[in-house]
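Here the structure is laid out as structure tokens; the discussion comes afterwards.
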Amino acid sequence: MSHASGHPLTATASGPLTGAAHVPGDKSISHRSLILGAMAVGETRITGLLEGQDVLDTGAAMRAFGASVEKAGEEWVVRGVGVGGLMEPEDVIDCGNSGTGVRLLMGAAATHGFSVTYTGDASLRKRPMARVTEPLSLFGAAAYGRSGGRLPMTVVGAGDPVPVRYATPVASAQVKSAVLLAGLNAPGETVVIEREATRDHSERMLRGFGAEIDVRRTAEGHEITLVGRPELSPQTIAVPRDPSSAAFPVCAALIVPGSDVLVPNIGLNPTRAGLFETLREMGADLTYENPREEGGEPAADLRARFSPDMHGIEVPPDRAASMIDEYPILSVVAANAAGTTVMRGVAELRVKECDRIDAMVQGLRGCGVAVRDGPDWWEVDGRGPGGVPGGAMVAVHLDHRIAMSFLVAGMAAREAVTVDDAGPIATSFPIFRALMERLGAAFEERGS
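In structure tokens:
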């Protein structure tokens, strides 16, 4: 279904994409910088913060919880209230489109003795919150929402929280992070156990702010232990650039003939870099230049060149946690490779901003690509370089990554590809269009 009030945008085949693509700051680190800065005592200064709507909504929420969050020149300055110092908001917390934002905020506030009501846009109100509210109930919090555990939802915080030991039933950095943030204001040790490791920005940043946190492998899996009620110290944070945003200019360069694009200063945390490993296994001409460390996170400059000899592979299911947001754009690359690419163990994609598997399957079929899917898998039959017919109008279902993925598809297809609403792109990558046009992409606005 097309989004009636959307902003359609069309991508047509472009000449070579060339130049440097300075993508925005990492979204995951940006969210956590604001939340932990608000829970520290003193002034945290942040450069490189992603100024997409998702992160701005988290900043507004931390103001509602009593912290000062403001931009000063090129920096963002957060004056925190300390662990246990959050205040009851006077109004509903609107998290817009951000599943990360609402779940982390629920965790941070759940061990405070007040109630908070959370809501979001139409997409976010469809997403399940029980995966977070169930472990938060172990601390003593209670959640009351719409049927199916959906927003709007009021979370009544635990006035006398207890520490928790929790094994996550699904691989989710959001669930893990929500529990750890709740554990900050609980006495004793809160323990989270994951069968497989997910992105570890929360652990790295908690340690950087001064929390006592231990990470180890045990017979049960990946075990994280946090000692509650620390005094967090303010930090100076340089946010590395977002690997999930880098995926779009990188993948576009790989499938548009003659392209050579450099994407500087990309965070290459091993729990986030699965896409780039997968692309190299497919035969992509993708190299890491100037490897270094930025704020405790590995980083490098990525150079991506047109790669006409890419081939399909079966992506290891245990890699899903390190690239879950990148499967949509990977499927576009797969459509331009030779052979079949198989993606398994990705049921999480069914409950993102939309059902991302279904959205990509329908859109790719509309572009003339053969795709098959099941509950937690899908596979794409590649048509080789320049072989995707295109010519489709694609419904993005308020999902920024679906919109960007099909605009990239249009850059290499025989016929133009139109997305029914490019508006959601602003939630994570507000400069996407300008950045891609500087590289040589061709976009055209269409009437609604």
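With the first letter of the sequence shown counted as 1, position 44 gets the number 44 in UniProt numbering; the numbers rise by one all the way through. Think of the CB as a built atom: it goes at the ideal place given N, C-alpha and C, for glycine as much as any other residue.
Taking the Cα positions, residue 73 is about 15 Å away from residue 237.
Annotation for residue 400: 424, 425, 427 and 428 place their beta carbon closer than 6 Å to its own, counting only its chain and skipping 5 residues before and after.
A distance below 6 Å between beta-carbons, with the five flanking residues on each side excluded, links residue 92 to the following residues of its chain, in chain order: 117 and 119. When C-beta atoms of the region 98 to 117 are compared with those of the region 175 to 185, three or more pairs fall below 8 Å, so the two segments count as touching. Spatial neighbours of residue 70 in its own chain (CB-CB distance under 8 Å, excluding positions within 5 residues in sequence) are listed in chain order as 76 and 77. Counting of Cβ neighbours within 10 angstroms places residue 170 among the exposed residues, the total staying below 16. Excluding sequence positions up to five before and after residue 161, its CB lies within less than 6 Å of the CB of 111, 139, 140 and 186, all in the same chain and listed in chain order.
Closest by C-alpha distance to residue 256, out of 50, 410 and 38, is 410. Within the region 200 to 265, complete beta strand (DSSP E) segments of at least 3 residues are found at 213 to 218, 221 to 227 and 236 to 238, given in chain order. Around the beta-carbon of residue 372, fewer than 16 other beta-carbon atoms lie within 10 Å, marking it exposed.
Secondary structure note for residue 294: its beta strand (DSSP E) is the uninterrupted segment 285 to 294. Looking from the CA of residue 253, the closest CA among 333, 59 and 204 belongs to 333. One alpha carbon belongs to residue 231, the other to residue 327, and they sit about 39 Å apart. Along the length of the region 124 to 186, whole alpha helix (DSSP H) runs at least 4 residues long occupy 130 to 139 and 173 to 183, reported in chain order. Nearest in C-alpha terms to residue 362, of all of 379, 125, 132 and 219, is 379. If you check the CB distance, residue 18 and residue 440 come in under 8 Å. For residue 275, the secondary structure class from DSSP, reduced to helix, strand or coil, is helix. Here residue 10 really is in contact with residue 444; their C-beta atoms are around 5 Å apart, less than 8 Å. In this structure, the CA atom of residue 431 is about 43 Å from the CA atom of residue 220. By the CB criterion at 8 Å, residue 14 and residue 239 fall outside the cutoff.
Annotated as proximal: residue 16 and residue 258, with beta-carbon spacing under 8 Å. Around the beta carbon of residue 166, a 10 Å sphere encloses 16 or more other beta carbons of the protein chains shown; the residue is thus reported as buried. The Cβ-Cβ distance between residue 37 and residue 80 falls below 8 Å.
Scanning its chain for C-beta atoms nearer than 6 Å, with the 5 sequence neighbours on each side dropped, one finds around residue 42 the residues 234, in chain order.
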